[in-house]
Amino acid sequence: MPARPYILAETTWQAVKAAAFEVVILPWGATEAHNYHLPYGTDNYQCDYVAAEAARLAWEQGAKVVVVPTIPFGVNTGQLDITLDINLNPSTQLAILRDVVRVLARQGIPKLMLLNGHGGNDFRQHLRELQAEFPTVFLSTATLFRIVDRSQFFDAPGDHADEMETSMMLHIAPDLVRPLSEAGSGASKQFRIRALREWAWAQREWSQVTADTGVGDPAASTAEKGADFLRAVTTELSKFLVELAAADPQDLYE
Ligand SMILES: [Zn+2]
0 MPARPYILAE TTWQAVKAAA FEVVILPWGA TEAHNYHLPY GTDNYQCDYV AAEAARLAWE
60 QGAKVVVVPT IPFGVNTGQL DITLDINLNP STQLAILRDV VRVLARQGIP KLMLLNGHGG
120 NDFRQHLREL QAEFPTVFLS TATLFRIVDR SQFFDAPGDH ADEMETSMML HIAPDLVRPL
180 SEAGSGASKQ FRIRALREWA WAQREWSQVT ADTGVGDPAA STAEKGADFL RAVTTELSKF
240 LVELAAADPQ DLYE
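Numbering (numbering that gives the first Met the number 0), first residue to last: 0 to 253.
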């Protein structure tokens, strides 16, 4: 496989010196159980795929974007009792992110796009704090499964190891997906308190909510659905990257 110039891990110092990157794309995933049929690295595979494909599309339109390696551990404070779900606390994430942004600020790289691939991660407050600290680096974030409306692609609701995630993995890494006959149903419990189901929020204790760690029935998943969804996601994200690369951070409003 030839080196891709928009993937930092495949790129040399000589190429980086010449490239003058405008946007660094930092994918951030998680390492956690995904029902009985998907691997622990599911969110990271999805991050790697979406970041690389969106960057390729943007690069081919002349955007100077580069994907740095995916950070593989996410916030899993609700899954501490699930074996080898690796938790990074939000404050640890902030410390990591601060060091990354400091590097960009020192080296004059003007923009960061943080691509989140895990429901337990929420980087907006981190970016507010770091934007005040590092005004020369424009900070933005998006969560990959919210970039396009999933209901146009998938029938079953869910938010973990569900029809959406399973379909994506059937397209990205089919050899790592166990037969769907081995998957649990992804049945999940809801909060007893109505407000917590409707408009209030509290963290869910995952092992009390679901027996198989999944939330959402994966039974109707197909590689074709995954390919269609991923095409829509990466196309939309690439348009953002092209605009972001060309944008003047001092002139963003109209
Ligand atoms: Zn996932």
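Where a beta carbon is used, it is the ideal one built from N, C-alpha and C, also for glycine. None of the values given here were measured: they were computed from a predicted structure.
Between the region 70 to 88 and the region 102 to 122, can you find at least three pairs of beta-carbon atoms closer than 8 Å?
The answer is yes - the region 70 to 88 touches the region 102 to 122, with three or more Cβ pairs under 8 Å.
Less than 8 Å between the CB atoms is what I'm expecting for LEU143 and VAL49, so what's the real figure, rounded?
Contact check for LEU143 and VAL49: beta-carbon distance about 5 Å, within the 8 Å limit, so the pair qualifies.
Going by the DSSP bridge assignment, what does MET112 pair with across the sheet?
Note: MET112 sits in a beta bridge opposite ILE24, SER139.
Compute the beta-carbon to beta-carbon distance between LEU113 and LEU25, rounded to the nearest angstrom, for a pair I have assumed lies under 8 Å.
Indeed, because the Cβ distance is near 5 Å, the residues count as touching under 8 Å.
For a test of your reading of the model: does the CB of GLU59 fall under 8 Å from any non-hydrogen atom of ligand 1? Yes or no.
The answer is no for GLU59.
Rounded to whole angstroms, what's the CA-CA distance from ALA222 to HIS170? Just pull it up for me.
Whole-angstrom Cα-Cα distance: 5 Å.
ASP80, DSSP secondary structure in three states:
Looking at ASP80 - three-state DSSP - the assignment turns out to be coil, as it is neither helix nor strand.
Smallest Cα separation from VAL100: which of ALA62, GLY28, SER90, VAL136?
Ranking the options by Cα distance to VAL100, first place goes to VAL136.
Would ILE108 pass as a contact of GLU21 if the rule is Cβ separation under 9 Å?
Contact: yes.
HIS159 and GLY225 - do their beta-carbons sit closer together than 9 Å?
In this structure, HIS159 does not lie closer than 9 Å to GLY225 by Cβ.
Helix, strand or coil at ASP250 according to DSSP, with G and I counted as helix
DSSP, read as helix, strand or coil, puts ASP250 in coil.
Close-in-space but distant-in-sequence residues of the same chain around PRO156 (CB under 8 Å, 5 per side omitted)
Within the same chain, GLY215 come within 8 Å of PRO156 by CB-CB distance, once the 5 residues on both sides are set aside.
Could you tell me the alpha carbon to alpha carbon distance between PRO217 and ASP161, rounded to whole angstroms?
Rounded to the nearest angstrom, the two C-alpha atoms are 5 Å apart.
Excluding the 5 residues preceding and the 5 following LEU56 in the sequence, name in chain order all residues of the same chain whose CB lies nearer than 7 Å to its CB.
Around LEU56: THR233, THR234, SER237.
What is the DSSP secondary structure of ASN34, counted as helix, strand or coil?
Note: ASN34 maps to coil in three-state DSSP.
Residues passing the C-beta test against ligand 1 heavy atoms, cut-off 6 Å:
The filter returns HIS33, THR41, ASP42, HIS159, GLU164, in chain order.
Here's a check: name, in chain order, each residue in its chain whose Cβ is nearer than 8 Å to the Cβ of ARG149, leaving out the five neighbours to either side.
When the five nearest sequence neighbours on each side are left out, the beta carbons in the same chain lying within less than 8 Å of the beta carbon of ARG149 are those of MET163, PHE228, in order along the chain.
Using DSSP bridges, identify the partner residues of VAL214.
Bridge partners of VAL214: HIS159.
Do TRP205 and ILE70 have their C-beta atoms within less than 9 Å of each other?
Using a Cβ distance threshold of 9 Å, TRP205 and ILE70 do not count as a contacting pair.
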